[in-house]
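Peer 1: Below is one structure. I have some questions about it.
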Amino acid sequence: MSLPNRNSHSTLPSGTNIDEYIIERVLAQGGFSTVYLARQIKDQQQVAIKEYRPEALTKRIGLKVIPIDSASTALFQRGRALFMEEAKLLTTLKHPNIVSVLNFFLANDTAYLVMNFDYGTTLGDWLKNSNNIVTSEFLLNVFQPVMRCIKNMHHRGLLHLDIKSDNILLWPSNNPLILDFGSALSFKNQQQTNSHSLTKGFAAPEQHNKLKQLGPWSDIYAIGASMRACLDRKSPPTSTDMEAINNLEPSHRLYEKSINTKILYAIDWAMKPDPVKRPQTMDDLLNAISYL
Numbered sequence: 236m237s238l239p240n241r242n243s244h245s246t247l248p249s250g251t252n253i254d255e256y257i258i259e260r261v262l263a264q265g266g267f268s269t270v271y272l273a274r275q276i277k278d279q280q281q282v283a284i285k286e287y288r289p290e291a292l293t294k295r296i297g298l299k300v301i302p303i304d305s306a307s308t309a310l311f312q313r314g315r316a317l318f319m320e321e322a323k324l325l326t327t328l329k330h331p332n333i334v335s336v337l338n339f340f341l342a343n344d345t346a347y348l349v350m351n352f353d354y355g356t357t358l359g360d361w362l363k364n365s366n367n368i369v370t371s372e373f374l375l376n377v378f379q380p381v382m383r384c385i386k387n388m389h390h391r392g393l394l395h396l397d398i399k400s401d402n403i404l405l406w407p408s409n410n411p412l413i414l415d416f417g418s419a420l421s422f423k424n425q426q427q428t429n430s431h432s433l434t435k436g437f438a439a440p441e442q443h444n445k446l447k448q449l450g451p452w453s454d455i456y457a458i459g460a461s462m463r464a465c466l467d468r469k470s471p472p473t474s475t476d477m478e479a480i481n482n483l484e485p486s487h488r489l490y491e492k493s494i495n496t497k498i499l500y501a502i503d504w505a506m507k508p509d510p511v512k513r514p515q516t517m518d519d520l521l522n523a524i525s526y527l
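As numbered in our numbering, residues 236 to 527 make up the sequence shown, in order.
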């Protein structure tokens, strides 16, 4: 992972002891959390530790993460509870393409998630290197395992809701590891969808409207958008910007000379703005690319 530009006062300093770990350095930093490289004190095993720290709601005083004002407190506490739910969820999801969770705990007035540290590069960073060529084989090698992994989640009644190129880690063989489950949600528990983050360009139109029903078709849109991002080398337009979506040239026209047409038609189908016009199950999408 590439190191972000960051304010050193907002992150834990190298050498900080937290629970049974020692912080080494920052791996990644986003609007809701910071991921550190750390070592387990007992056996010196390297791990990745994700700290819940929403930038818009909190500040750091010493090691503690504190809401910036009284209005932010309830939102911070709700987000922290959701973060712990993500941790509990991940301990139950055992799959070769899902990051392994080792531990989770509360400290410094916030929450932490401890994961295996896996060397690799995110798909988003891989795409920034113009020497890396996107082929039909590459798309299948990366996204077929992603589809099967998300299919496994769907069979358990869970949606991911934040599939994107920055949440897919590529090992040297291009085998993918899905990193972030902070927006994962049960089919039956959709009342709090507006409490979760979404990523413009990858989130399905129905994710932008809390009154709309979410389902497997929502994750299917995100997979299609992630595949399209590989072809375009940039994020797709926001799914609710109908002018931009209508002006988006179909994948099967733009890339027919370089990419298998079954893959291209599957991408276009997955990215239909109307949920009922998309594949309804992950098997539908896998069938469309003829690789079940």
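Note that the Cβ used here is the ideal one computed from N, Cα and C, for glycine as well. Here the structure is a predicted model, which means the values were calculated and not measured.
(1) Nearest to P485 by alpha carbon, out of R383, P289, T496?
(2) Report the rounded CA-to-CA distance for D360 versus K445, giving the unit in angstroms.
(3) In angstroms, rounded to a whole number, what distance separates the CA positions of G436 and S474?
(4) For T356, which residues does DSSP report across the bridge?
(5) Please state whether DSSP places N522 in a helix, a strand or coil.
(6) Helix, strand or coil: how does DSSP classify K363 here?
(7) What separation, rounded to the nearest whole angstrom, lies between the Cα atoms of F378 and L483?
(8) Nearest-angstrom Cα distance between G392 and L521?
(9) Please state if the CB of S418 and the CB of L396 are separated by a distance shorter than 7 Å.
(10) Apply the 10 Å Cβ neighbour rule to M477 and answer buried if 16 or more other Cβ atoms are within range, or exposed otherwise.
(11) What residues are listed by DSSP as bridge partners for Y271?
(12) Classify Q426 as buried or exposed, calling it buried when 16 or more other Cβ atoms lie within 10 Å of its own Cβ.
(13) Straight-line CA distance for Y500 to C465?
(14) By the three-class DSSP mapping on this structure, what secondary structure does A346 have?
Peer 2: This is what the structure gives:
(1) T496
(2) 31 Å
(3) 6 Å
(4) L405
(5) helix
(6) helix
(7) 22 Å
(8) 19 Å
(9) Yes; because the gap between Cβ atoms is below 7 Å, this pair is in contact.
(10) exposed
(11) In the DSSP output, where bridge partners are listed per residue, Y271 has V261, I284.
(12) For Q426, the predicted structure reports a pLDDT of 48, less than 50, and the residue's modelled location is therefore unreliable. The matter cannot be settled from this model.
(13) Going by C-alpha positions, Y500 is about 15 Å away from C465.
(14) strand
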